Amino acid sequence: MSQHTIKTSFANLTGIVLSVSLLLGGCASKAKLLQTGAAQFETESKAAIEKIDELRRKEIEVTPLSSKEASEQFVKLVTGSSKPITLETVKILLDPFKAHAPESEAEWQAFLQKMRRQYMMFATTFASLDTGSLFAADDVKDAVPILDKLIAQMAAFSQGIKENPATFIRERAVIAMELEEVRDSDSPDEVKKLELLELERRLREIAAAEEDMTRRTVEQTVKAAKLGMELRQLLMNYDELSVDDIAEGLTTAFRLVGGIPGLDLSGLQAETNEILQEINKDETLKQLFNLALSEVPSLSERTEGR
Amino acid sequence: MADNDQIVLEDAKETAFALDKAYRRAIYKGDLDTAMELKPKVDRAYDQYSQARLNLLQEGVLATDADILEMRRIRGEIDQAATTQALIDGAVRFAAFIARFV
């Protein structure tokens, strides 16, 4: 091989080195953007799962008595009893409104943990994408069917919470009992009226807190589902998109998701409707979503009607 | 099944509300004996409500253990791609280093 041929070969090699380096650099940037999107999807989804946990706890939570009220109640209960004081009785005397952990607590914990794990696993699937971006484009597409399920789950949670909004049952029971007591009392009408107005104020406060809890939970599930939909577009077209395309797609996704907080329930319904329309455009997503809601007739009828 | 859970949820909510109200009245009036009778029933109603709420949410779950395994497989493939790419990157750098001496 002549000196000239060797030099030409190495000149070509240098060109290839530069090209490969540039290619690797570009692919790595794309991959890093995708990792950011997947990580954000995990964050929003896990926040939605925490909201669901908060909602179910709050529904059966009790406002504790003040120590003064507890002492007064203690004396009243002991003097009003006739049967032997047992260990069980002592428990109630010490804290009559203490709620026990539901029997399904372990099952709840397992469910919540399973959900957190699923969304965390999805994000970590792409952990080394930036260093393997050149050969991993097909693997990225393989993740789409799983993402579809994760999106459909979030959309189903959103619908489920809207169908069964938060009800602070214990708080409502206290007010209802007090309402009946005031109604049936012999107090003068003016006193009754004042007492009832105060109870009305408290009841409205509870209703507002329930609506706020429902809204925040639905909002978070909608945010996660919406981000998932945008991420899906990026995964599906990953090998054809440029760094700029992906950056633009993610910016749009974050802007859309950022615009959701503060919407009232009807605004969130509009957002959900948009997601449902997108879901219905895609046969796979549509089937998955309908499967998730197939046994809730009011919901599946609604989505099929779109 | 979800239909049943929906009905159970509504029923349990109503039952828990009614029993809790009666329990609170007993406490409020200092009627410890009645409160003692009602307490286990109140707890059971809330248990049923909590279980029905959970069942309804679980109906919406689609991803399975097989999907977790699939995510692991995809991650393995991507990790493998990263290893391959690191080797190529190393070879390219080595070639670039050699090219400087030619």
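Heads up: the sequence lines are chains A and B, in that order.
Each residue of the first sequence is one higher than the last, beginning at 1 in my numbering.
Each residue of the second sequence is one higher than the last, beginning at 1001 in my numbering.
The beta-carbon is built from N, C-alpha and C at its ideal position, and this holds for glycine as well.
Because the structure is a prediction, the values reported are computed rather than measured.
Check, Outcome
"Taking the alpha helix (DSSP H) that asparagine 273 (chain A) falls in, what are its first and last residues?", "265-281"
"At the 8 Å Cβ level, is aspartate 1011 (chain B) part of the contact set with chain A, yes or no?", "no"
"So with Cβ pairs under 8 Å, would you call arginine 56 (chain A) a contact of chain B?", "yes"
"Residue ranges of each alpha helix (DSSP H) run of no fewer than 4 residues wholly in the segment 16-85 of chain A, ordered along the chain?", "67-79"
"Please list, in chain order, the chain A residues whose beta carbon lies closer than 7 Å to that of valine 1061 (chain B).", "Gln153"
"Check the Cβ of lysine 1021 (chain B) against every Cβ in chain A and list those closer than 9 Å, keeping chain order.", "Arg172, Ala173, Val174, Ala176, Met177, Glu180"
"Taking the alpha-carbon of lysine 226 (chain A) as reference, which of A:Tyr238, A:Thr214, A:Leu250, A:Asp53 has the nearest alpha-carbon?", "A:Leu250"
"What are the boundary residues of the alpha helix (DSSP H) that includes tyrosine 1049 (chain B)?", "1032-1059"
"Evaluate contact between the segment 29-43 of chain A and the segment 119-131 of chain A, counting only Cβ atoms and requiring at least three cross-stretch pairs below 8 Å.", "yes"
"Between the C-alpha atoms of methionine 236 (chain A) and alanine 156 (chain A), what's the straight-line distance to the nearest angstrom?", "22 Å"
"Please list, in chain order, the residues of the segment 1057-1086 of chain B that have any C-beta partner in chain A closer than 7 Å.", "Leu1057, Gln1058, Glu1059, Gly1060, Val1061, Leu1062, Ala1063, Asp1067, Ile1068, Glu1070, Met1071, Ile1074, Arg1075, Glu1077, Ile1078, Asp1079, Ala1081, Ala1082, Thr1084, Gln1085, Ala1086"
"Skipping 5 residues on each side, what residues in its chain have a beta carbon closer than 6 Å to that of valine 140 (chain A)?", "Leu235, Tyr238"
"Could you check if serine 104 (chain A) is buried or exposed, using at least 16 other CB atoms within 10 Å of its CB as the buried criterion?", "buried"
"Below 8 Å, how does it come out for the segment 65-75 of chain A and the segment 166-186 of chain A: are there three or more Cβ pairs, yes or no?", "no"
"Three Cβ pairs or more, each shorter than 8 Å: is that satisfied between the segment 138-152 of chain A and the segment 280-288 of chain A?", "yes"
"What's the C-alpha gap between serine 242 (chain A) and glycine 160 (chain A)?", "38 Å"
"In chain B, what lies closer than 8 Å to phenylalanine 254 (chain A) by C-beta?", "Result: empty, since nearest Cβ-Cβ is about 24 Å, beyond 8 Å."
"Check the Cβ of lysine 1039 (chain B) against every Cβ in chain A and list those closer than 7 Å, keeping chain order.", "Ile92"
"In the structure shown, what three-state DSSP assignment does arginine 172 (chain A) receive?", "helix"
"Just to confirm before moving on: does the CB-CB distance between aspartate 41 (chain A) and alanine 224 (chain A) stay below 8 Å?", "The identity of residue 41 (chain A) in the sequence shown is phenylalanine, whereas the question assumes aspartate. Contact flag set, yes."
"Between lysine 193 (chain A) and methionine 177 (chain A), what straight-line distance do the alpha-carbon atoms span, to the nearest angstrom?", "16 Å"
"With distances taken Cα to Cα, identify the nearest neighbour of serine 266 (chain A) among A:Ile175, A:Glu278, A:Met229, A:Thr214.", "A:Thr214"
"Give a yes or no on whether the minimum CB-CB distance between glutamate 304 (chain A) and chain B is below 8 Å.", "With a pLDDT of 45 at glutamate 304 (chain A), under the threshold of 50, the modelled position of this residue cannot be trusted; read the value that follows with caution. Not closer than 8 Å to any Cβ of chain B, the Cβ of glutamate 304 (chain A) fails to qualify, so no."
"Alpha carbon to alpha carbon, how far is glutamine 113 (chain A) from isoleucine 85 (chain A)? Give it in angstroms, no decimals.", "41 Å"
"Among the candidates A:Ser82, A:Leu199, A:Leu179, A:Ile279, whose CA atom is the shortest distance from the CA of glutamate 230 (chain A)?", "A:Ile279"
"Could one say the Cβ of isoleucine 52 (chain A) lies closer than 8 Å to chain B's Cβ atoms, at least one of them?", "yes"
"With a threshold of 8 Å between beta carbons, is valine 17 (chain A) in contact with chain B?", "Low confidence applies here, because valine 17 (chain A) scores a pLDDT of 47, under 50, leaving its location unreliable; read the following figure in that light. So yes, valine 17 (chain A) belongs to the interface."
"Measuring CB to CB, does tyrosine 1046 (chain B) end up less than 8 Å from alanine 1022 (chain B)?", "no"
"Which residues in chain B have a C-beta closer than 9 Å to the C-beta of phenylalanine 111 (chain A)? List them in chain order.", "Leu1054, Leu1057, Gln1058, Val1061"
"Determine the burial state of valine 191 (chain A): buried for a count of at least 16 other Cβ atoms within 10 Å of its Cβ, exposed for fewer.", "exposed"
"Going by Cα to Cα distance, which pick from A:Arg56, A:Asn290, A:Ala48 is closest to glutamate 210 (chain A)?", "A:Arg56"
"Shortest alpha-carbon distance to alanine 253 (chain A) belongs to which of A:Lys91, A:Glu274, A:Gly228?", "A:Gly228"
"Between which residues of its own chain and proline 145 (chain A) is the CB-CB distance below 8 Å, once the five residues before and five after are set aside?", "Thr284"
"If you run the structure through DSSP and keep just helix, strand and coil, what is alanine 1063 (chain B)?", "coil"
"I'd like the span of the alpha helix (DSSP H) that includes alanine 137 (chain A), first residue to last.", "137-142"
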